[in-house]
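Visitor:
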Amino acid sequence: APTTPPATDTALSVLRQIAALIAQAEADGRITPGIAQALSAPVQEALAAVARDYGAISACGTLTAFANLVEAQDGKAIPTDLAASLLTLAARATSLLPCA
Numbered sequence: 003a004p005t006t007p008p009a010t011d012t013a014l015s016v017l018r019q020i021a022a023l024i025a026q027a028e029a030d031g032r033i034t035p036g037i038a039q040a041l042s043a044p045v046q047e048a049l050a051a052v053a054r055d056y057g058a059i060s061a062c063g064t065l066t067a068f069a070n071l072v073e074a075q076d077g078k079a080i081p082t083d084l085a086a087s088l089l090t091l092a093a094r095a096t097s098l099l100p101c102a
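To convert, note that position 13 of the sequence shown is 15 in this note's numbering; the numbers rise steadily by one, no gaps.
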């Protein structure tokens with residue numbers, strides 16, 4: 003079986019952490035289902051891109067869009083502490099991908 007490069011594997015795990023954090027925040031009532039869906043869509047797109055292609059350069063733009071959405075809603079539809087956690091994880095995922 004082909005082995006996945008460690009960086010890609012780690013990017014996948016960080017993206018999964020982001021998805022889990024969004025789901026938990028929605029379950030806890032910290033964000034609305036609409037915001038959860040808006041946040042989840044780019045994360046799922048990035049997960050699919052990374053899983054499909056080890057280079058996953060398309061995931062970089064998707065993560066940038068995700069971060070922009072989080073920043074726009076920081077302190078509004080997304081609690082500040084949650085936004086900070088999501089942005090930290092998004093930056094970590096981006097650093098593990100071949101983003102320029």
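Just so it is clear, CB atoms sit at the ideal spot from N, CA and C, and this is done for glycine as well. Everything numeric in this text was worked out from a predicted model, so none of it was measured.
Just the C-alpha distance for residue 4 and residue 82, rounded to the nearest angstrom, thanks.
Guide: For this step, residue 4 is matched to residue 2 along the sequence shown. For this step, residue 82 is matched to residue 80 along the sequence shown. Residue confidence for residue 4 is low, a pLDDT of 49 falling below 50, so the modelled location carries little weight; the figure read from the coordinates is stated next. Each residue's Cα considered, the two are about 41 Å apart.
Visitor: Quick one: complete alpha helix (DSSP H) runs, 4+ long, within the segment 13-42?
Guide: For the segment 13-42, not a single whole alpha helix (DSSP H) run of length 4 or above is found.
Visitor: Considering residue 63, what are the terminal residues of the alpha helix (DSSP H) in which it resides?
Guide: For the purposes of this step, residue 63 is identified with residue 61 of the sequence shown, where counting begins at 1. From DSSP, the alpha helix (DSSP H) with residue 63 extends over 59-75.
Visitor: Can you tell me whether residue 29 is buried or exposed, with buried defined as 16 or more other CB within 10 angstroms of its CB?
Guide: One-based indexing of the sequence shown puts residue 29 at position 27. Exposed.
Visitor: In whole angstroms, give me the CA-to-CA distance for residue 59 and residue 39.
Guide: Reading the sequence shown from its first residue, position 57 is the one you call residue 59. Reading the sequence shown from its first residue, position 37 is the one you call residue 39. Approximately 23 Å, taken between the alpha carbons.
Visitor: Return helix, strand or coil for residue 6, following the three-state DSSP convention.
Guide: Counted from its first residue, the sequence shown places residue 6 at position 4. With a pLDDT of 48 at residue 6, under the threshold of 50, the predicted position of this residue should be treated as unreliable, though the coordinate-derived value follows. DSSP places residue 6 in coil when its eight states are reduced to three.
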